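Visitor: Got a structure for you, written out below as structure tokens; questions coming shortly.
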Amino acid sequence: MPSNLPLDTLGKQIAANVTKGDQYADKAEQFYKAAGLYLIEAKERVKKTNALTWSQFLRINCSDLSRQRAHEYIQIADGRTTLAAMRATKNESVQQSRAQKREAADLIAETRPVVHNVVDNRPDYLNEINERPEYDDTPLSSEDLGAELLLAASTLRQYTGDFDWKAIAEGFTKSDIEWIERAIKEIKAYV
Numbered sequence: 418m419p420s421n422l423p424l425d426t427l428g429k430q431i432a433a434n435v436t437k438g439d440q441y442a443d444k445a446e447q448f449y450k451a452a453g454l455y456l457i458e459a460k461e462r463v464k465k466t467n468a469l470t471w472s473q474f475l476r477i478n479c480s481d482l483s484r485q486r487a488h489e490y491i492q493i494a495d496g497r498t499t500l501a502a503m504r505a506t507k508n509e510s511v512q513q514s515r516a517q518k519r520e521a522a523d524l525i526a527e528t529r530p531v532v533h534n535v536v537d538n539r540p541d542y543l544n545e546i547n548e549r550p551e552y553d554d555t556p557l558s559s560e561d562l563g564a565e566l567l568l569a570a571s572t573l574r575q576y577t578g579d580f581d582w583k584a585i586a587e588g589f590t591k592s593d594i595e596w597i598e599r600a601i602k603e604i605k606a607y608v
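Numbering (my numbering), first residue to last: 418 to 608.
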């Protein structure tokens, strides 16, 4: 049943229901279902307008809501999934990601011991990047390179949630950037 609310008001209703769902765990599914129903209506109405795309609607009216998350709320609203099933799937994904990260760290630890720096809790070998007088031209084995890349990607994914890319890039030293550029050249040689 359409609400006939203006799209911006519909967006506020969606955001309010998502916020309430996040706040009240015992009624979260009800609020997410309400948000999903509003999202279904908004999506249908946005399709009929040429001035706005679905992504634009979400960005303008529901700024904290990604397309993927909106799709999940729509699935809850139309009964294709439940909040419990959605959380179980997310938990499984997180566990797989952590297992991959542990596996990559184990592969690296086999060739180089990891001693954490007390000051910033980074593995010391990451700090060694700045201390290397010159780049070692010895090519990495494909297994070592894969492990290094997997660990780097996992670490970046973990820390980039709290920072924007510009802030991260500003934190790199010149030797960090040179090391990354050399690593990219090595990767291209393997591809």
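Glycine included, C-beta positions come from ideal geometry on N, C-alpha and C. Only a predicted model underlies this, so the values are computations on that prediction, with no experimental measurement involved.
1) Could you spell out where the alpha helix (DSSP H) holding S472 opens and where it closes?
2) Considering Cα atoms alone, identify which of K591, D561, A445 is closest to E603.
3) When we look at the beta-carbon of V532 and count the other beta-carbons within 10 Å, is it buried (16 or more) or exposed?
4) Buried or exposed for Y441, please, with buried defined as at least 16 other CB atoms from any protein chain shown within 10 angstroms of its CB.
5) What does a CB cutoff of less than 6 Å around G696 pick up in its chain, not counting 5 residues either side in sequence?
6) Using beta-carbon positions only, say whether I525 and A564 come within less than 8 Å of one another.
7) Please work out which residues of its chain come closer than 8 Å, Cβ to Cβ, to L422, disregarding the five sequence neighbours upstream and downstream, and give them in chain order.
8) Assuming contact is defined by CB atoms lying nearer than 8 Å, are N478 and D425 in contact in what I supplied?
9) Which same chain residues end up closer than 7 Å to K460 when comparing Cβ atoms and leaving out the 5 residues on each side of it in sequence?
Guide: Here's the rundown:
1) 471 to 478
2) D561
3) No answer about V532 holds up, because its pLDDT of 49 lies below 50 and its placement is not dependable.
4) exposed
5) The question about residue 696 has no answer, for the chain in this structure spans 418 to 608.
6) yes
7) Q430
8) yes
9) W471
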